[in-house]
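Novice:
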Amino acid sequence: MRVLGIDPGLRNLGWGVIDVDGSRLSHVANGICRSSGAELPERLLSLYGQLTEICASYAPQAAAVEQTFVNKDGAGTLKLGQARGIALLVPAQRGLAVGEYAPNTVKKTVVGVGHATKDQVAHMVKVQLPGADLAGPDAADALAIAICHAHHARSQTLQEVRA
Numbered sequence: 148m149r150v151l152g153i154d155p156g157l158r159n160l161g162w163g164v165i166d167v168d169g170s171r172l173s174h175v176a177n178g179i180c181r182s183s184g185a186e187l188p189e190r191l192l193s194l195y196g197q198l199t200e201i202c203a204s205y206a207p208q209a210a211a212v213e214q215t216f217v218n219k220d221g222a223g224t225l226k227l228g229q230a231r232g233i234a235l236l237v238p239a240q241r242g243l244a245v246g247e248y249a250p251n252t253v254k255k256t257v258v259g260v261g262h263a264t265k266d267q268v269a270h271m272v273k274v275q276l277p278g279a280d281l282a283g284p285d286a287a288d289a290l291a292i293a294i295c296h297a298h299h300a301r302s303q304t305l306q307e308v309r310a
């Protein structure tokens with residue numbers, strides 16, 4: 148199974164693609180979509196176009212997106228939510244199931260603790276995906292989201308087999 152992980156952001160949207168074969172994970176690609184344009188609609192369209200190209204190029208079979216946490220800046224949270232909408236829309240248009248994970252769930256799955264730093268996440272992504280050259284922290288987070296989805300999907304499959 149090929150999984151696309153997405154770390155939504157309005158300026159920088161991280162993405163990472165992994166292949167999952169049983170318990171084996173392998174790195175396929177990762178990067179950062181940088182939005183362009185002065186106004187919000189242009190920036191969202193830019194992210195949409197880039198993410199659509201990534202889906203066409205790598206043909207994922209599943210996708211996972213990090214959930215947004217609400218902070219003190221309501222306007223910023225709303226803008227991030229709109230970028231997250233693009234991250235959910237593009238895979239859904241391709242007919243993919245999209246998993247959603249809280250940041251603490253991703254960190255706990257990949258690092259072992261829910262309040263890990265970005266450096267700890269990047270380190271453990273490199274450990275679990277040897278040879279991966281990370282495009283930056285947003286791409287590392289996206290790969291962590293993909294890894295999280297792979298582990299949770301495998302757990303769900305095992306539970307279904309036992310039932």
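Numbering (my numbering), first residue to last: 148 to 310. Beta carbons: idealized from backbone N, C-alpha and C, even for Gly.
Label proline 207 either buried or exposed according to how many other C-beta atoms from any shown protein chain fall within 10 Å of its C-beta, with 16 as the threshold for buried.
Specialist: The residue given as residue 207 occupies position 60 in the sequence shown. Flag for proline 207 reads buried.
Novice: Should isoleucine 294 be flagged as near chain D, meaning a C-beta pair shorter than 8 Å?
Specialist: Any reference to chain D falls outside this structure, which holds one protein chain only.
Novice: If you follow the beta strand (DSSP E) that alanine 181 is part of, which residue opens it and which one closes it?
Specialist: Walking along the sequence shown from the start, residue 181 turns up at place 34. According to the sequence displayed, residue 181 carries arginine and not alanine. Where arginine 181 is concerned, the enclosing beta strand (DSSP E) stretches over 171-181.
Novice: Taking just the CA atoms, how far does lysine 255 sit from alanine 176?
Specialist: For the purposes of this step, residue 176 is identified with residue 29 of the sequence shown, where counting begins at 1. For the purposes of this step, residue 255 is identified with residue 108 of the sequence shown, where counting begins at 1. Each residue's alpha carbon lies about 23 Å from the other.
Novice: For the beta strand (DSSP E) containing alanine 211, list its first residue and its last residue.
Specialist: For the purposes of this step, residue 211 is taken as the residue at position 64 of the sequence shown. Run containing alanine 211: 209-213, per the beta strand (DSSP E) assignment.
Novice: Beta strand (DSSP E) containing valine 260: first to last residue?
Specialist: Residue mapping note: residue 260 aligns to position 113 of the sequence shown, counting from 1. Valine 260 -> no beta strand (DSSP E), and no H or E assigned at all.
Novice: Which word fits glutamate 213, buried or exposed, when buried means at least 16 other C-beta atoms lie within 10 angstroms of its C-beta?
Specialist: To locate residue 213, count along the sequence shown from 1; it is residue 66. Buried.
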